[in-house]
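**Q** The first sequence begins at 38 in my numbering and counts up one residue at a time.
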Amino acid sequence: MSTYKDHTLKIYNSLSNQKEIFIPIQEGRVGMYVCGPTVYSKVHLGNVRTFLSFDIIYRYLLHLGYKVRYVRNITDVGHLVDDMDNGEDKIAKKARLEQLEPMEIVQRYTVDFHDILQKFNLLPPSIEPTATGHMIEQINVIQHIIDKGYAYESNGSVYFDVVKYNEDYDYGVLSHRDLMHTLDNSRALDGQSDKRNEQDFALWKRADPHHIMRWPSPWSEGFPGWHTECTTMSTKYLGQRFDIHGGGMDLKFPHHECEIAQGEACTGHPPVNYWLHANMLTLNGKKMSKSSGNYILPGEVLSGENPVLSKAFSASVTRFFMLQTHYRGIMDFSNDAILAAEKGYERLMKAMDVLSKIEPGNKSTLDIAGWEAKCYEAMDDDFNTPILISHLFEGVTFINHLKDKTATLSTTDMERFCKTMSSFVFDVLGLEVKSDVYNGQVEKLDGTISLLIEMRNQARADRNFTLSDQIRNRLTELGIKLNDTKDETTFNY
RNA sequence: GGUCGGGUGGCCGAGUGGCUAGGCAGAGGUCUGCAAAACCUUUUACAGCGGUUCGAAUCCGCUUCCGACCUCCA
Numbered sequence: 038m039s040t041y042k043d044h045t046l047k048i049y050n051s052l053s054n055q056k057e058i059f060i061p062i063q064e065g066r067v068g069m070y071v072c073g074p075t076v077y078s079k080v081h082l083g084n085v086r087t088f089l090s091f092d093i094i095y096r097y098l099l100h101l102g103y104k105v106r107y108v109r110n111i112t113d114v115g116h117l118v119d120d121m122d123n124g125e126d127k128i129a130k131k132a133r134l135e136q137l138e139p140m141e142i143v144q145r146y147t148v149d150f151h152d153i154l155q156k157f158n159l160l161p162p163s164i165e166p167t168a169t170g171h172m173i174e175q176i177n178v179i180q181h182i183i184d185k186g187y188a189y190e191s192n193g194s195v196y197f198d199v200v201k202y203n204e205d206y207d208y209g210v211l212s213h214r215d216l217m218h219t220l221d222n223s224r225a226l227d228g229q230s231d232k233r234n235e236q237d238f239a240l241w242k243r244a245d246p247h248h249i250m251r252w253p254s255p256w257s258e259g260f261p262g263w264h265t266e267c268t269t270m271s272t273k274y275l276g277q278r279f280d281i282h283g284g285g286m287d288l289k290f291p292h293h294e295c296e297i298a299q300g301e302a303c304t305g306h307p308p309v310n311y312w313l314h315a316n317m318l319t320l321n322g323k324k325m326s327k328s329s330g331n332y333i334l335p336g337e338v339l340s341g342e343n344p345v346l347s348k349a350f351s352a353s354v355t356r357f358f359m360l361q362t363h364y365r366g367i368m369d370f371s372n373d374a375i376l377a378a379e380k381g382y383e384r385l386m387k388a389m390d391v392l393s394k395i396e397p398g399n400k401s402t403l404d405i406a407g408w409e410a411k412c413y414e415a416m417d418d419d420f421n422t423p424i425l426i427s428h429l430f431e432g433v434t435f436i437n438h439l440k441d442k443t444a445t446l447s448t449t450d451m452e453r454f455c456k457t458m459s460s461f462v463f464d465v466l467g468l469e470v471k472s473d474v475y476n477g478q479v480e481k482l483d484g485t486i487s488l489l490i491e492m493r494n495q496a497r498a499d500r501n502f503t504l505s506d507q508i509r510n511r512l513t514e515l516g517i518k519l520n521d522t523k524d525e526t527t528f529n530y
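Here's what the structure looks like:
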């Protein structure tokens, strides 16, 4: 069994903009925090890609034998939707539009979020804290930053003093921006008279009289600013310094930059060792986003109900499709691309099925150890799933050679090969063979099809091709494909 | 406007100073009652122009096109 002790895992750290050898703070244990969704609408496929990227990282760390505490928050206090001054948050706005309680919105889309991620076979995090569940902790963090002198109250709201902070620390270490530069390029937003400097950000906002979501605090009845919850919840569950913090590329600035500032203001040291950013999923060459309306929903991919899709695709195919691109690369969604991925996915899965039926031989004619090493090398190199998949397809070629008896493997190598293929395909990439559609009735259906295949093959033996073709055609119409091989007829649906 | 990233064969998508990424499609073959499927083999590339180098798609410069962030966003 391969463990982290045998591996040099390299991770691309956004702080240094290069790959670094991963050394956790505590040997054998990893603390990982990922920014979760704001639950004010359905997650789109781009959101799923980000969470999938971190699911793979989580799975691979587990595979290497690390004990991982994976924390992913639910943002159920909306970030500000308009200018700071308007102070109406996303969830409150949506609630008014739909005539619902804010928490009703939160509940609906949290359930949707969980449902989708489960369908796409993402492992649940160890802890999934909510912003509303940590209001007291957030208030404490804000007070602590005030006490340290890096925040000030103004008219019931509390702002982080970026300029003051930048005198003692370095604001911009993550996004590699220069504060003065940021200053020059900050837009002059209206009504920011409460703030000392334009680039200061809110830690607490006083609520307008009509604002629905509000909590009492030492400063006013209001709600926390948009970066506070992540600092609060990550440090509560992972400590004041932890290993990995992830999120979408679009959160790098200002969200993650502000988290660093808040963390350092509190403790005097950076909160996170490795910052990871997953790149965007685009549609028509443009980033998917709820606000622009340029997006496709995961449910639409599963049902095929979207104009850009020619058919429905299973969750596993979608997963496989996304994993053919490295998580740091921009990926464009298109029907042709996912269609091509589906073919490859099916070939891989068929080979996995064949593999389970192959008998070992006396000696090995394939270099399994070398192949296995290449698979691990790929994942050790910043979780390079596309390279891993290319090696898995080499494994598919191996399997077919073994099936055709043009290659053999010793019992030991055979076991090793099966275990490695299965670990990567099922455990690390999280692909599953189970049909998403016929769950529960599979055995009855399979038995029935087998019976029809028997009858058809009898008809073929009797040279009654009218009947045999009739059976085949009717099954094809039902979406059940028969595959004749030399020895047997198999089927898939 | 500022900061940053990218333009790879018909499509998707890795990678790298000299050695086949991979998938899909295409071509040839095996198998087959037929068809399909499956399997085996296989062609095509690095945006443009300069420069560095024995050698660059890979490094440098310029041009051009695209994207992300700078404002809520995975």
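Cβ coordinates follow ideal geometry from the N, Cα and C atoms, glycine included.
As the structure is a computational prediction, the values presented were derived from the model and not from experiment.
Relative to the alpha-carbon of Asn-331, which residue among Ser-254, Lys-130, His-81 has its alpha-carbon at the smallest distance?
**A** It is His-81.
**Q** Beta-carbon separation of Ala-244 and Arg-233 under 9 Å?
**A** Going by C-beta atoms, Ala-244 is not nearer than 9 Å to Arg-233.
**Q** Taking DSSP as the reference, what is the three-state secondary structure of Gln-136?
**A** Of the three classes helix, strand and coil, the one that applies to Gln-136 here is coil, per DSSP.
**Q** How long is the line joining the alpha carbons of Leu-211 and Glu-204, rounded to whole angstroms?
**A** Their backbone Cα atoms lie some 17 Å apart in a straight line.
**Q** Could you tell me if Asp-483 is buried or exposed, where buried requires 16 or more neighbouring beta carbons within 10 angstroms of its beta carbon?
**A** Exposed.
**Q** For Thr-402, which residues from the same chain have a beta carbon less than 8 Å from its beta carbon, with the 5 sequence-adjacent residues on both sides left out?
**A** Once the five neighbours on either side are set aside, the close Cβ partners of Thr-402 are Ala-444, Thr-445, Leu-446.
**Q** Can you tell me whether Lys-127 is buried or exposed, with buried defined as 16 or more other CB within 10 angstroms of its CB?
**A** Buried: at least 16 other Cβ atoms inside 10 Å.
**Q** Could you give the first and the last residue of the continuous alpha helix (DSSP H) run that contains His-100?
**A** His-100 -> alpha helix (DSSP H) spans 82-100.
**Q** Taking the straight line between their C-alpha atoms, what separation do you get for Gly-407 and Glu-431?
**A** So the alpha carbons of these two residues sit roughly 12 Å apart.
**Q** Give every residue of the same chain whose Cβ lies closer than 7 Å to the Cβ of Leu-425, excluding the five residues on either side of it in the sequence, and list them in chain order.
**A** Once the five neighbours on either side are set aside, the close Cβ partners of Leu-425 are Cys-412, Ala-415, Met-416, Phe-461.
**Q** Output the distance between the C-alpha atoms of Val-143 and Ala-239, rounded to the nearest integer angstrom.
**A** Roughly 23 Å separates the two Cα atoms.
**Q** With respect to the alpha helix (DSSP H) encompassing Asp-464, which residues constitute its N-terminal and C-terminal limits?
**A** Neither: Asp-464 is in no alpha helix (DSSP H) and is coded neither H nor E.
**Q** Assuming Ile-22 contacts Cys-303 (C-beta within less than 8 Å), just tell me the rounded distance between them.
**A** Since the first and last residues shown for the chain are 38 and 530, residue 22 lies out of range.
**Q** Would you please state the rounded distance, in angstroms, between the beta carbons of Ser-51 and Lys-289? I believe it to be under 8 Å.
**A** Rounded, the Cβ-Cβ distance is 6 Å, consistent with contact.
**Q** Which residue or residues does DSSP assign as beta-bridge partners of His-314?
**A** For His-314, which the question treats as bridged, DSSP gives the partners Gly-284.
**Q** Under three-state DSSP, which class holds Thr-112?
**A** Looking at Thr-112 - three-state DSSP - the assignment turns out to be strand.
**Q** Here's the rule: buried if 16 or more other CB atoms are within 10 angstroms of the residue's CB, otherwise exposed. What is Leu-134?
**A** By the neighbour-count rule (16 or more Cβ atoms within 10 Å), Leu-134 is not buried but exposed.
**Q** Counting along the chain, where does the alpha helix (DSSP H) carrying Ser-427 start and finish?
**A** Run containing Ser-427: 422-440, per the alpha helix (DSSP H) assignment.
**Q** Going by DSSP in three states, Leu-376 sits in which element: helix, strand or coil?
**A** The answer is helix: DSSP assigns Leu-376 an H, G or I state.
**Q** In the structure shown, what three-state DSSP assignment does Ala-349 receive?
**A** Of the three classes helix, strand and coil, the one that applies to Ala-349 here is coil, per DSSP.
**Q** What does a CB cutoff of less than 6 Å around Gly-300 pick up in its chain, not counting 5 residues either side in sequence?
**A** Thr-268, Pro-308, listed in sequence order.
**Q** Please say whether Pro-253 and Ile-179 have beta carbons closer to each other than 9 Å?
**A** Their beta carbons are not under 9 Å apart, which means Ile-179 does not touch Pro-253 by this criterion.
**Q** Quick one: residues in its chain with C-beta nearer than 7 Å to the C-beta of Asp-464, no 5 flanking neighbours on either side, listed in chain order?
**A** If we look at Asp-464 and ignore the five residues flanking it on each side, its Cβ neighbours are Arg-96, His-100.
**Q** Can you give the Cα-Cα distance for Val-76 and Gln-361, rounded to whole angstroms?
**A** Distance between the alpha carbons of Val-76 and Gln-361: 28 Å.
**Q** Expressed to the nearest angstrom, what Euclidean distance is found between the alpha-carbon atoms of Leu-385 and His-171?
**A** Going by the C-alpha atoms only, they are around 45 Å apart.
**Q** Using 8 Å as the cut-off, can you tell me whether the segment 323-337 makes contact with the segment 41-56, which would need three or more C-beta pairs spanning the two stretches below that distance?
**A** Judged by Cβ distances under 8 Å, the segment 323-337 makes no contact with the segment 41-56, as fewer than three pairs qualify.
**Q** According to DSSP, is Met-368 helix, strand or coil?
**A** Three-state result, Met-368: strand.
**Q** In terms of DSSP beta bridges, what is Gln-63 paired with?
**A** The partner list for Gln-63 (beta bridge, DSSP) reads Arg-66.
**Q** Using CA coordinates, which residue listed in Met-368, Tyr-206, Lys-273 is at the minimum distance from Gly-305?
**A** Checking every option, the nearest Cα to that of Gly-305 belongs to Tyr-206.
**Q** Would the segment 386-397 count as touching the segment 506-514 if we require 3 or more Cβ pairs under 8 Å?
**A** With a cut-off of 8 Å, the segment 506-514 and the segment 386-397 do not count as touching, because too few Cβ pairs lie within range.
**Q** Taking Leu-468 as the reference, give the member of Ser-78, Ile-93, Ile-62 with the closest Cα.
**A** Cα-wise, what sits closest to Leu-468 is Ile-93.
**Q** When DSSP builds the beta bridges, which residues end up paired with Pro-261?
**A** Per DSSP, Trp-241.
**Q** Per DSSP, what are the beta-bridge partners of Ile-58 in this structure?
**A** According to DSSP, Ile-58 bridges with Lys-47.
**Q** Could you check the C-alpha separation between Glu-525 and Leu-519 for me, to the nearest Å?
**A** Whole-angstrom Cα-Cα distance: 10 Å.
**Q** In terms of alpha-carbon separation, which member of Phe-59, Asp-215, Asp-113, Ile-375 lies closest to Val-148?
**A** Minimum Cα distance to Val-148 is reached at Asp-113.
**Q** Quick one: residues in its chain with C-beta nearer than 6 Å to the C-beta of Ser-472, no 5 flanking neighbours on either side, listed in chain order?
**A** Caution applies to Ser-472, whose pLDDT of 49 falls short of 50 and renders its modelled position unreliable; the value that the coordinates give is listed next. Around Ser-472: no qualifying Cβ.
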